[in-house]
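Working notes for the structure below.
Following this line, the structure appears as structure tokens:
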């Protein structure tokens, strides 16, 4: 037991520091993916509820493809495919050296596309809850489409979509563990290295699970806080 | 001419001209986006056509098929085992006994709150480090095999999710249904089987389908613990050939599998809710 504490500690022979850096990578990756995924997801949802069939088709193809592929495969497709693509572009421009894609960026894009395809569904169902009169009211007082969207629809939309988005955030946090497969030094990668060196696999993978649980619990606190804040600024019913 | 107005013949009916479809900004964007998708798909087909390599296909297509078979059997076996395990867990969650319900709650919280990949590593590598103890109780043969470890962790994971689905579905049935059956003198077990379950399953069908699809997608991670499923053989083929089409074929197979399941589920849902359509 004392040996385990020393192994997880920050002192000599302890793996605390490297695991802490892993936590930092995981959290940064998830936080960096979130705005990307939310933005794409919002626009895809806009496309899905558009009256123009071609926009709808394009948006639906996006979600069909990225919800149908395993996350790990999407990650590999983005990582290796991006590598090949960048290499080809480099060759066209006359650069023949090897180009490495940053695995953090690849992870961000892969997780962002997956997140956005799920987020678009959440946004879409939130859009359907908002009555048409809200748009008409906005136009009636002379607001443009963009202004109506920004000042009238979006504040309500976010409040309705929050629980769904909170779930997606927890899923995103868990999905970040996959980036260890393309060599990013996240929680799972760091604990795996420690497990291999010390031969204490159960201890370290158990620690990884615990860290994810704690991150999840902390996130639920934050999400609940945002939820309460959003409910307070909403109309009294 | 006058009676034409009273009884117009079919030819005389003149429909109003369809409203003009101007090239609005949205319409242009939409067509550009669809054009991009089309270009991407045509490019993909062109790439696969150009990169078509008889030798490569002959060599790896059989391994892909056996990988697909591994994926399907692994997912089906773990979902079925998980379904069996989920019943006691769901009952535990609904139990009035504090101890039982909190144990079930923590089980569900743990398996839903940690990444599946970490659970698989914990069971395969983590329990693997207790090889001596496992040998002593004769379970080492089980935990040595990556396939069994994957099956165990998937089953435990999906059991947690399925327990929640089951619990939600049973709760969605109005309590009056229990009372009604009780007033007819039907025992609790029979009530559950004949009255509650058929109604709960309608609610649970869609989440079960989603869970199955999530398991198929999630099963790709067993490639990381050297189980040769579809993803495992893909990784192997890519590491030997460095040919990107190995990944593209896998993507197509997974997409077809998931889409087929999704349509099957839509059809099933339409079929079992026929009596509810008004």
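Protein chains in written order, with UniProt numbering: chain B, 1 to 237; chain P, 1 to 278. Every residue, glycine too, gets a C-beta built ideally from N, C-alpha and C. As the structure is a computational prediction, the values presented were derived from the model and not from experiment.
If you look at residue 266(P), you'll find it in the alpha helix (DSSP H) that goes 245–272. Rounded to the nearest angstrom, the Cβ distance from residue 151(P) to residue 74(P) is 6 angstroms, consistent with a contact under 8 angstroms. Ranked by Cα distance from residue 153(B), the first of 97(B), 199(B) and 137(B) is 137(B). Interface annotation, residue 27(P): in contact with chain B, CB-CB separation under 7 angstroms. Shown here for residue 174(B): same chain residues with a beta carbon closer than 7 angstroms to its own, the five before and five after excluded, namely 212 in chain order. Note that the C-beta distance between residue 148(P) and residue 142(P) is below 7 angstroms.
CA-to-CA, the gap between residue 166(P) and residue 88(P) works out to about 11 angstroms. A contact is defined here as three or more CB-CB pairs under 8 angstroms, and the stretch 110–117 of chain B meets this definition with respect to the stretch 29–49 of chain B.
Listed in chain order, the positions of the stretch 197–208 of chain B with a beta carbon within less than 9 angstroms of a beta carbon of chain P are 199, 200, 201, 202, 203, 204, 205, 206 and 208. Contact between residue 22(B) and residue 186(B) is confirmed by a C-beta separation of about 5 angstroms, below the 8 angstroms threshold.
For residue 216(B), the residues of chain P that pass the 7 angstroms Cβ criterion are 113, in the order they occur in the chain. The Cβ-Cβ distance between residue 159(P) and residue 86(P) falls below 7 angstroms. Cβ contact annotation for residue 209(P) (same chain, cutoff 6 angstroms, sequence separation greater than five): 265, in chain order. When secondary structure is reduced to three states using DSSP, residue 70(P) falls in the helix class. Flagged as an interface residue toward chain B: residue 129(P), by a C-beta distance shorter than 7 angstroms. A distance below 6 angstroms between beta-carbons, with the five flanking residues on each side excluded, links residue 176(P) to no residue of its chain. Residue 16(P) has its alpha-carbon roughly 53 angstroms from the corresponding atom of residue 52(P). By the rule that beta-carbons nearer than 7 angstroms mark a contact, residue 79(P) does not touch chain B. Cβ proximity to chain P below 9 angstroms picks out nothing from the stretch 21–41 of chain B. At a C-beta separation below 7 angstroms, residue 68(B) has these neighbours in chain P: 254, 255, 258 and 259. In this structure, the CA atom of residue 138(P) is about 21 angstroms from the CA atom of residue 156(P). When C-alpha distances from residue 167(B) are compared across 222(B), 76(B) and 210(B), the shortest belongs to 222(B). With a threshold of 7 angstroms between beta carbons, residue 222(P) makes no contact with chain B. Look at residue 13(P): its C-beta is not under 7 angstroms from any C-beta on chain B. Counting only Cβ-Cβ distances below 7 angstroms, residue 217(P) has contacts in chain B at 70 and 71, in chain order.
Within chain P, the residues placing a beta-carbon under 7 angstroms from that of residue 55(B) are 26, 29, 30 and 33, ordered along the chain. Residue contact with chain P for residue 132(B): absent (no Cβ-Cβ distance below 7 angstroms to any residue of chain P). In this chain, the alpha helix (DSSP H) harbouring residue 227(B) covers 201–233. Between residue 26(P) and residue 52(B) the beta-carbon gap is near 5 angstroms, inside 8 angstroms, which marks them as a contact.
Straight through space, the alpha carbons of residue 260(P) and residue 214(B) are spaced by roughly 37 angstroms. Note on residue 99(P): under 16 other CB atoms within 10 angstroms of its CB, so exposed under the neighbour-count rule. Using a Cβ-Cβ cut-off of 8 angstroms, residue 80(B) is close to 238, 244 and 247 of chain P, given in chain order. Contact annotation for residue 165(P) against chain B: no contact, minimum CB-CB distance about 14 angstroms [criterion: below 8 angstroms]. Burial state of residue 271(P) is exposed, judged by a 10 Å Cβ sphere holding fewer than 16 other Cβ atoms. At a cut-off of 7 angstroms, the C-beta of residue 117(P) has a neighbouring C-beta in chain B.
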